[in-house]
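Structure, as structure tokens:
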Amino acid sequence: MELFQYVQKETILHKLNPMTKVIIMAVLTIMSLLTMDIIILVGILSVVVLMFIVSRLEKELSKQLVYLFFIGLSLLILTVISMGEGTVVFTLIPKSIPYVGGAIPITIEGVTFGSSLALRFSIMILSFQMLLLTTQPKDIVHIMIDKFKIPQDYALMFLIAIRFVPTVYMEAKKINEAQISRGYHPSGLLIGKIKSAYPIITPLVLNSLARAEILGMAIETKGYGSAKRTSIQNFKMGSKDILLSAIFIAVLPFYVALLLNLF
10 MELFQYVQKE
20 TILHKLNPMT
30 KVIIMAVLTI
40 MSLLTMDIII
50 LVGILSVVVL
60 MFIVSRLEKE
70 LSKQLVYLFF
80 IGLSLLILTV
90 ISMGEGTVVF
100 TLIPKSIPYV
110 GGAIPITIEG
120 VTFGSSLALR
130 FSIMILSFQM
140 LLLTTQPKDI
150 VHIMIDKFKI
160 PQDYALMFLI
170 AIRFVPTVYM
180 EAKKINEAQI
190 SRGYHPSGLL
200 IGKIKSAYPI
210 ITPLVLNSLA
220 RAEILGMAIE
230 TKGYGSAKRT
240 SIQNFKMGSK
250 DILLSAIFIA
260 VLPFYVALLL
270 NLF
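The number in the numbering used here is simply the position in the sequence shown, starting from 1, with 9 added.
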């Protein structure tokens, strides 16, 4: 599973300074938050997708798009149902039905706002995924501590979190396969699916607690927190890093000016 997991490639983005990739991610995220225009958001999303293609991460992108589609569709449906004000296109409950007729109106504004939320969410998730897929976790932690002055404990928590997500996922998959091999076949109904989670969650939680205890002992034996740590790596900004960072930072004020119709 490539979620939150670094993928080794020899591409331009992989070779960039981690700080440059953080700047790119931040600028794209800010740009998506400043507008509700669907066309502009699609353009920003296209830039993020292009970055995946340049990084030769099309396979990883295709897997993420499946999850993002269902999450984005859920956001769209919830937003459309909850926003009753605006130009009504139709209602889910026909007006001919007594008492409840005309309820749950579907409006143009609701569809537009829901689509914008789904696109924003996709841009932020994919931008963050791009950073994680093209940057080693230890390099991200180094930037957090050295550049952003984030306390070492919080940086360690972040590192453990992103490293444990793929591990927990794979362990849950193995437990599920083991249960099926023993003849456990839950029904396809919703209640059956919910009940089927119990035989997986229980050993998964126990294994995670045991893994956390081992990790804690390993950290203590290595003397974590006993003294200030230093790093042998020195992340210097190269010419490509400076150029790309300058371009993205310079684009942001022009983008804001265009949104405010200053030109």
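Where a beta carbon is used, it is the ideal one built from N, C-alpha and C, also for glycine. Here the structure is a predicted model, which is why all the values come from computation and not from measurement.
From the DSSP output, read off the bridge partner residues of residue 115. Taking the first residue of the sequence shown as 1, we reach residue 115 at position 106. Residue 115 pairs with 99.
Does the distance from the C-beta atom of residue 7 to that of residue 115 stay below 8 Å? The displayed coordinates of the chain run from 10 to 272. Any statement about residue 7 would go beyond what the structure contains.
Are there 16 or more other CB atoms within 10 angstroms of the CB of residue 10, so buried, or fewer, so exposed? Taking the sequence shown and counting its residues from 1, one reaches residue 10 at position 1. A caution first: residue 10 carries a pLDDT of 49, below 50, which makes its placement in the model unreliable, though a value can still be read off. Of the residues assessed, residue 10 falls on the exposed side of the cut-off, its CB having fewer than 16 other CB atoms within 10 angstroms.
Exposure of residue 127, with buried meaning 16 or more beta-carbon neighbours within 10 Å: To locate residue 127, count along the sequence shown from 1; it is residue 118. Using a 10 angstroms sphere on the CB of residue 127, the tally of other CB atoms reaches 16 or more, which defines it as buried.
Of the residues 25, 41, 121 and 263, which one's Cα is nearest the Cα of residue 90? Here residue 90 corresponds to residue number 81 of the sequence shown, with the count starting at 1. Nearest option by C-alpha distance: 121.
One question on the structure: do residue 141 and residue 15 come within less than 8 Å of each other, judged by their Cβ atoms? Position 132 of the sequence shown, counted from the start, is the residue given in the question as residue 141. Position 6 of the sequence shown, counted from the start, is the residue given in the question as residue 15. Contact: yes.
For residue 107, count neighbouring C-beta atoms within 10 Å of its own C-beta (all shown protein chains included) and say buried if the count is 16 or more, exposed if not. Numbered from its first residue, the sequence shown carries residue 107 at position 98. Sixteen is the threshold: since fewer than 16 other Cβ atoms of the shown chains lie within 10 Å of the Cβ of residue 107, the residue is exposed.
Confirm, please, whether the CB-CB distance from residue 64 to residue 20 is below 8 Å. Here residue 20 is taken as the residue at index 11 of the sequence shown, counted from 1. Here residue 64 is taken as the residue at index 55 of the sequence shown, counted from 1. Contact: yes.
Classify residue 223: buried if its beta carbon has 16 or more other beta carbons within 10 angstroms, exposed otherwise. The residue given as residue 223 occupies position 214 in the sequence shown. Counting Cβ neighbours within 10 Å, residue 223 comes out exposed, since fewer than 16 surround it.
Helix, strand or coil: which one does DSSP assign to residue 168? Translated into the one-based positions of the sequence shown, residue 168 becomes position 159. Correct three-state label for residue 168: helix.
Check whether the stretch 36 to 43 and the stretch 128 to 137 touch, using three or more Cβ-Cβ pairs below 8 Å as the test. Yes, the stretch 36 to 43 is in contact with the stretch 128 to 137.
8 Å Cβ cutoff met for residue 167 and residue 27: Taking the sequence shown and counting its residues from 1, one reaches residue 167 at position 158. Taking the sequence shown and counting its residues from 1, one reaches residue 27 at position 18. Cβ distance not < 8 Å, so residue 167 and residue 27 don't count as in contact.
Can you check whether the CB of residue 208 is closer than 8 Å to the CB of residue 188? In the sequence shown, the residue the question calls residue 188 occupies position 179. In the sequence shown, the residue the question calls residue 208 occupies position 199. Yes, they are a contact pair.
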